[in-house]
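Peer 1: Pasting a structure here, questions to come.
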Amino acid sequence: MASESPRRNIVVFGEAGAGKTSIITMIAGSGVAENDKNYYDTEIDGARFRLWDPPSDKGTTGWGDNAVVGLCRVIQRMEGVVSLFIYCIRGPRIKDTTAENYRLFHSMFSRSEVPIALVVTGLEEEEPMHEWWQTNKVTFQKHKMIFAGHACVTGTNGKLKDGKHIYEDEYAESAKRLRKLITDPNLNNPKTTMSVVAYISNLLTKGFKSSERKQSGEFERPSDDKRNRGKVAHESEMGMDGVRNESGDHNVINEDSDKIPDGSGEEIKRSAGGPWSKVKSVFCGR
60 MASESPRRNI
70 VVFGEAGAGK
80 TSIITMIAGS
90 GVAENDKNYY
100 DTEIDGARFR
110 LWDPPSDKGT
120 TGWGDNAVVG
130 LCRVIQRMEG
140 VVSLFIYCIR
150 GPRIKDTTAE
160 NYRLFHSMFS
170 RSEVPIALVV
180 TGLEEEEPMH
190 EWWQTNKVTF
200 QKHKMIFAGH
210 ACVTGTNGKL
220 KDGKHIYEDE
230 YAESAKRLRK
240 LITDPNLNNP
250 KTTMSVVAYI
260 SNLLTKGFKS
270 SERKQSGEFE
280 RPSDDKRNRG
290 KVAHESEMGM
300 DGVRNESGDH
310 NVINEDSDKI
320 PDGSGEEIKR
330 SAGGPWSKVK
340 SVFCGR
C-alpha cells in the first residue's frame, strides 16, 4: 500500500482585517469552520495541506508583538514540512505598514528558504483583478519586498442581487487562483518544521552573542588551526552566528538595541514591548 504524501504546512499571516480566514476558506472549501487550533486541513489533487491562521493583533494597523509571537507558537506546533508562507494584505491601497510588516517577517524567516507569496484581497472592483499587480508591483520593488508568487483576489462574493451574488464570478476566479498558487511546483521548497524552528532558535541565541565573539577576536585569531577556522567560516555561511546580508556582513541582533536587522542590510525599529524578546522566550524557553 502506497504511503501518503507528507502534509504541507502553509502559514497565512498578515494584519487584522486583511482577509486571512477568507482566503483559507476559499482554498479549503465552504466546509471549513473556525476552530481553536488555528489550522484547517484540505486536499487538492491528491496533495494534503494544512493551512495555518495565526492570531492577529485585533484593532491595530500593523503586525504587532502578539501576532509575531502567535506566529512563532504556530510554527512550533507543526508536524511535517513547511511548504509556503503567504503574506496577506488588503488592497487596493498599499498601507505604510505593509513594508514594515514584511521586513519584520523577513528578518525572522528569510534564511529559512521557505518561499513567501503575496495575496492581495479586496480587489473585487478592479477590472480585471490580476492587473492590479502590474500597476503596483513597482511599489513592492521600491521597498525591497520580494515574493516567489502572488495572487490578486477578492474574499467576498458580495450581496445577493437578482438571485446571484454580485461578485460571484470574481470569487470563483479567486478560489482557482489561490489553489493554483499553493500547488505551484515552483513554490514547492518544503523545509522540515524542525529546521525552521532550529533556524530561529540559532538566530535568537547565537545571533545575540556574535558581536561578543567578534570583539574577542574569535573570527580572526591567527593561532586558530585550520579546522577551527573552517568550522567558524562554515557556521558563518550557514547563518549560525547571526544573519549575513548581501554584502557578506553579519546582521547582529542586539538585545539592548531598539532596532533589528531585516536581512537586506537595513534595520527595523522595534515596536513597543520588543517582539524579539518575546519571540526569544517562545523558542529558547527564557
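Mapping of the sequence shown onto the numbering used here: residues 60 to 345, in sequence order. Just so it is clear, CB atoms sit at the ideal spot from N, CA and C, and this is done for glycine as well. Note that the coordinates shown come from a computational prediction; the quantities given were computed from them, not determined experimentally.
1) For ASP100, which of helix, strand or coil comes out of DSSP?
2) Within 10 angstroms of its Cβ, does ALA126 collect 16 or more other Cβ (buried), or is it exposed?
3) State the CB to CB distance for the pair VAL173 and VAL71, rounded to an integer number of angstroms; the pair is presumed to be in contact (CB under 8 Å).
4) Would ILE69 be called buried (16 or more neighbouring beta carbons within 10 Å of its own) or exposed?
5) Does DSSP classify LYS273 as helix, strand or coil?
6) Is the beta carbon of ILE241 less than 8 Å from the beta carbon of ILE86?
7) With distances taken from CA atoms, which of TYR99, GLY76 and GLY129 is nearest THR84?
8) Assign GLY214 to one of two classes, buried (16 or more other C-beta atoms within 10 Å of its C-beta) or exposed (fewer than that).
9) Any idea what DSSP makes of SER115, helix, strand or coil?
10) Which first and last residues belong to the beta strand (DSSP E) in which ASN216 is found?
11) Measuring CA to CA, which of LYS223, PHE168 and MET188 is closest to ILE145?
12) Identify which residue in GLU63, GLY73 and CYS147 has its Cα closest to the Cα of HIS209.
13) List the DSSP bridge partners of VAL178.
14) Taking 8 Å as the cut-off, decide whether the C-beta atoms of ALA75 and ARG149 are in contact.
15) Buried or exposed, going by whether 16 or more other CB atoms sit within 10 Å of the CB of GLY181?
16) When the Cα atoms are used, what is the spatial distance from PHE199 to ILE175?
17) Residues bridged to ARG109 by DSSP?
18) Do GLU159 and ARG107 have their CB atoms nearer than 8 Å?
19) For LEU130, which option in TYR230, PHE164, GLU229 and HIS224 has the closest C-alpha, if you only look at C-alpha atoms?
20) Leaving out five residues before and five after LEU246 in sequence, what residues of the same chain have Cβ atoms less than 8 Å from its Cβ?
21) Bridge partners of LYS223, per DSSP?
22) Alpha carbon to alpha carbon, how far is ALA234 from LYS79? Give it in angstroms, no decimals.
23) Between which residues of its own chain and HIS189 is the CB-CB distance below 6 Å, once the five residues before and five after are set aside?
24) THR156 lies in the alpha helix (DSSP H); which residues open and close that run?
Peer 2: Reading from the atomic positions:
1) Correct three-state label for ASP100: strand.
2) Counting Cβ neighbours within 10 Å, ALA126 comes out buried, since at least 16 surround it.
3) A Cβ-Cβ distance of about 13 Å is found for the pair VAL173 and VAL71, leaving them out of contact under the 8 Å criterion.
4) So ILE69 ends up on the buried side.
5) Confidence is the limiting factor: at LYS273 the pLDDT is only 40, short of 50, which leaves the residue's position unreliable and the question unanswerable from this model.
6) In contact: ILE241 and ILE86 (Cβ atoms closer than 8 Å).
7) Of the candidates TYR99, GLY76 and GLY129, the one whose C-alpha sits nearest the C-alpha of THR84 is TYR99.
8) Per the 10 Å Cβ criterion, buried.
9) Shown here, SER115 sits in coil according to DSSP, grouped into three states, outside any helix or strand.
10) That residue, ASN216, is in no beta strand (DSSP E); it is neither H nor E in DSSP.
11) Distances from the alpha-carbon of ILE145 to those of LYS223, PHE168 and MET188 put PHE168 closest.
12) The closest CA to that of HIS209, considering only GLU63, GLY73 and CYS147, is found on CYS147.
13) VAL178 is bridged to CYS147 and ALA210.
14) With respect to the 8 Å criterion, ALA75 and ARG149 are not classified as neighbours on the basis of their beta carbons.
15) Buried, because 16 or more other Cβ atoms sit within 10 Å of the Cβ of GLY181.
16) When rounded, the distance between both Cα atoms is 13 Å.
17) Beta-bridge pairing links ARG109 to ASN68 and ASP100.
18) It is not a contact, given that the beta carbons lie outside the stated cut-off.
19) Closest by C-alpha distance to LEU130, out of TYR230, PHE164, GLU229 and HIS224, is PHE164.
20) The answer, listed in chain order, is SER142, LEU143, PRO174, ALA176, ALA207, GLY208 and LEU240.
21) Per DSSP, LYS220.
22) Straight-line Cα distance between these residues: approximately 13 Å.
23) Spatial neighbours of HIS189 in its own chain (CB-CB distance under 6 Å, excluding positions within 5 residues in sequence) are listed in chain order as CYS211.
24) Note, THR156: alpha helix (DSSP H), 156–168.
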